[in-house]
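Protein chains in written order, with this note's numbering: chain A, 1 to 329; chain B, 1001 to 1321. We put the CB at the ideal spot given by N, CA and C, even for glycine.
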């Protein structure tokens, strides 16, 4: 187990290394830091471009630039934005904002997926199974931004009318400026109100696919011999399902969820756009891609890749822990 | 050529996926039971599957709506009517209402369905051969080729698909047509197919009939195309349906973020939906109808996929502990 873990960590570091190269190549081919000067009227002198190139190190070869960037990135320095502020300082608070939403969404989604998946499997081909299946497929078929707009329009409006005050917020991750005057509990209460809708929309759409997974895994388990043995030994049906069945049926879900969290950090882009959250997604689109700011995009992609690889690693290790039959060879 | 084909075919090398297909299909057996080939059984199971058939029916209706509807309706989405701006449904001959610059929403939806299906078709035509080829090479030849190809796939997967699509689309602003978006989606949507094909090939290539084919002197290409690919057909079809449904949503998301279909007088379901989101409270029909159309089309494709999966999997786990 120990050596397996070590080997997987080493492999992950290597994947991350290669991934950073891929990311750098993608960005180097995509963005030209000088692009905004080309359209200037009048066009700056050639000396100006030469100076700038020298300053930004663009005259060096691709490989040299890559290793310089990587060297800085390893020390936590992701370079500066076009405006001259460090990317790292901007990414971290945004990571916290997005992380808040994702952690809440994943917790809700996992709980829902397990409940719905198990009920669907145990009551296969009964009315409840069909209802859950239908709901799951509908949710999978919905575009996030449309569903989110629906939530904003109706759920938020309805709940706020019901309480007669602004309980759910449709925009932003906190009321602007509350950090300056609110107490800690006020700030977090406010953030909680802002958190509900994005989390619900993200959780509902993620849970749908996961519940199908959980259902399939549970069905597999229910048909297995050790379940029959457990029943034959006289355990109650409920007990066999919950104690013997669920435990084993959770293994595939663990992997799916672990991989899902990694990609969610990148995939929350739309949810953040709809709810105007100043998180990772907004940062990538409005500060990075629209401004053609290569360091922002690079930093973002690197952070996202770290999460994907990290949770990939966690998934592999968890898998081995949960199912001892997995060969650690 | 004809003789070698005959020998390899009769050498017990015919894949089970279509064992003795058309020839033995209608032969009368003992007890008067008609023998059915596996292919017939699969089609039969699919036709008897309520879920899959519902999906197929809805999908066909949508095809009629998208391709025959415009002929019946006779309106053009590009026509802007200054006297009929933001009409609610049913008014002034606009069955589903009109948008802010007086374009008919119904005509837009029909065109949107058409264009979205075009995007999906393009996506499948590009992604399917790519994924199949890379998965087949990795799974069949194994060893270093497998490691290299799969590590490449892993690497690409470390970058979120949506982000790659955004970066690529923002570099080719002129690609914001259904054609361009379809190509971009196709070029970056084959990784999971490659993984699926590879994993199936890994187990299939150890089967006896592959060994038999080898012994008969069949070439690698022949084994791959005649024996292995037909046996992965089930997964291939299921992947295609699910990926197609996914592509529609991806296109919509891309367009919503401002990197999808954007050219003048071009529309797609994604564009209609993403434009409609801004009008959710003021002109709800622009919000609801495109969204619901998108939901129905994705749902129907998913249901078809589900039906096919069940049809290909006869064991179908109807067990209860």
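Whether residue i touches residue j by CB criterion (8 Å)
{"i": "residue 1138 of chain B", "j": "residue 1243 of chain B", "result": "no"}
{"i": "residue 265 of chain A", "j": "residue 102 of chain A", "result": "yes"}
{"i": "residue 1281 of chain B", "j": "residue 289 of chain A", "result": "no"}
{"i": "residue 23 of chain A", "j": "residue 301 of chain A", "result": "yes"}
{"i": "residue 143 of chain A", "j": "residue 1273 of chain B", "result": "yes"}
{"i": "residue 196 of chain A", "j": "residue 162 of chain A", "result": "no"}
{"i": "residue 280 of chain A", "j": "residue 98 of chain A", "result": "yes"}
{"i": "residue 202 of chain A", "j": "residue 105 of chain A", "result": "yes"}
{"i": "residue 275 of chain A", "j": "residue 108 of chain A", "result": "no"}
{"i": "residue 200 of chain A", "j": "residue 151 of chain A", "result": "yes"}
{"i": "residue 118 of chain A", "j": "residue 246 of chain A", "result": "yes"}
{"i": "residue 205 of chain A", "j": "residue 147 of chain A", "result": "yes"}
{"i": "residue 1249 of chain B", "j": "residue 1298 of chain B", "result": "yes"}
{"i": "residue 286 of chain A", "j": "residue 81 of chain A", "result": "no"}
{"i": "residue 1235 of chain B", "j": "residue 1119 of chain B", "result": "no"}
{"i": "residue 1257 of chain B", "j": "residue 1184 of chain B", "result": "no"}
{"i": "residue 1195 of chain B", "j": "residue 1153 of chain B", "result": "yes"}
{"i": "residue 1052 of chain B", "j": "residue 1311 of chain B", "result": "yes"}
{"i": "residue 1109 of chain B", "j": "residue 1290 of chain B", "result": "yes"}
{"i": "residue 65 of chain A", "j": "residue 71 of chain A", "result": "no"}
{"i": "residue 87 of chain A", "j": "residue 296 of chain A", "result": "yes"}
{"i": "residue 311 of chain A", "j": "residue 259 of chain A", "result": "yes"}
{"i": "residue 1263 of chain B", "j": "residue 1176 of chain B", "result": "yes"}
{"i": "residue 1099 of chain B", "j": "residue 1286 of chain B", "result": "yes"}
{"i": "residue 271 of chain A", "j": "residue 324 of chain A", "result": "no"}
{"i": "residue 211 of chain A", "j": "residue 322 of chain A", "result": "no"}
{"i": "residue 1121 of chain B", "j": "residue 1134 of chain B", "result": "no"}
Nearest residue (CA-CA) to residue i, options the options
{"i": "residue 1254 of chain B", "options": "B:1239, B:1301, B:1271, B:1267", "result": "B:1271"}
{"i": "residue 1080 of chain B", "options": "B:1195, B:1283, B:1105", "result": "B:1105"}
{"i": "residue 1164 of chain B", "options": "B:1284, B:1188, B:1102, B:1300", "result": "B:1188"}
{"i": "residue 50 of chain A", "options": "A:34, A:39, A:63, A:64", "result": "A:34"}
{"i": "residue 1301 of chain B", "options": "B:1201, B:1182, B:1240", "result": "B:1240"}
{"i": "residue 218 of chain A", "options": "A:121, A:309, A:238, A:258", "result": "A:121"}
{"i": "residue 1160 of chain B", "options": "A:4, A:269, A:132, A:277", "result": "A:269"}
{"i": "residue 77 of chain A", "options": "A:89, A:208, A:253", "result": "A:89"}
{"i": "residue 73 of chain A", "options": "A:20, A:190, A:55, A:7", "result": "A:20"}
{"i": "residue 208 of chain A", "options": "A:174, A:3, A:184, A:114", "result": "A:114"}
{"i": "residue 1076 of chain B", "options": "B:1266, B:1307, B:1158, B:1181", "result": "B:1266"}
{"i": "residue 1190 of chain B", "options": "B:1218, B:1176, B:1157, B:1168", "result": "B:1157"}
{"i": "residue 61 of chain A", "options": "A:28, A:137, A:48, A:83", "result": "A:28"}
{"i": "residue 1123 of chain B", "options": "B:1047, B:1233, B:1182, B:1096", "result": "B:1182"}
{"i": "residue 1261 of chain B", "options": "B:1210, B:1074, B:1229, B:1174", "result": "B:1174"}
{"i": "residue 83 of chain A", "options": "A:303, A:324, A:291", "result": "A:291"}
{"i": "residue 1074 of chain B", "options": "B:1305, B:1162, B:1094", "result": "B:1094"}
{"i": "residue 93 of chain A", "options": "A:184, A:240, A:128, A:282", "result": "A:282"}
{"i": "residue 243 of chain A", "options": "A:182, A:321, A:254, A:226", "result": "A:226"}
{"i": "residue 1309 of chain B", "options": "B:1227, B:1050, B:1117", "result": "B:1050"}
Beta bridge counterpart(s) of residue i as assigned by DSSP
{"i": "residue 1070 of chain B", "result": "None; residue 1070 of chain B has no bridge partner."}
{"i": "residue 80 of chain A", "result": "A:86"}
{"i": "residue 1098 of chain B", "result": "B:1104"}
Enclosing alpha helix (DSSP H) for residue i [first to last residue]
{"i": "residue 171 of chain A", "result": "Premise fails: residue 171 of chain A is in no alpha helix (DSSP H) and is neither H nor E."}
{"i": "residue 1170 of chain B", "result": "1161–1171"}
{"i": "residue 194 of chain A", "result": "184–222"}
{"i": "residue 1256 of chain B", "result": "1233–1256"}
{"i": "residue 160 of chain A", "result": "157–163"}
{"i": "residue 1058 of chain B", "result": "1050–1063"}
{"i": "residue 1188 of chain B", "result": "Residue 1188 of chain B -> no alpha helix (DSSP H), and no H or E assigned at all."}
{"i": "residue 1291 of chain B", "result": "1284–1312"}
{"i": "residue 1214 of chain B", "result": "1208–1215"}
{"i": "residue 19 of chain A", "result": "2–30"}
{"i": "residue 47 of chain A", "result": "46–56"}
{"i": "residue 150 of chain A", "result": "144–150"}
{"i": "residue 1152 of chain B", "result": "1143–1158"}
{"i": "residue 1274 of chain B", "result": "1269–1277"}
{"i": "residue 1042 of chain B", "result": "1038–1047"}
{"i": "residue 34 of chain A", "result": "Per DSSP, residue 34 of chain A belongs to no alpha helix (DSSP H) and is neither H nor E."}
{"i": "residue 133 of chain A", "result": "127–141"}
The ligand FAD heavy atom lying under 7 Å from the CB of residue i
{"i": "residue 1225 of chain B", "result": "For the ligand FAD, the structure offers nothing, since it holds no ligand at all."}
Check your understanding: Counting only runs that start and end within the region 230–308 of chain A, where is the alpha helix (DSSP H) found for 4 or more residues in a row?
Key -> 246–267, 269–274
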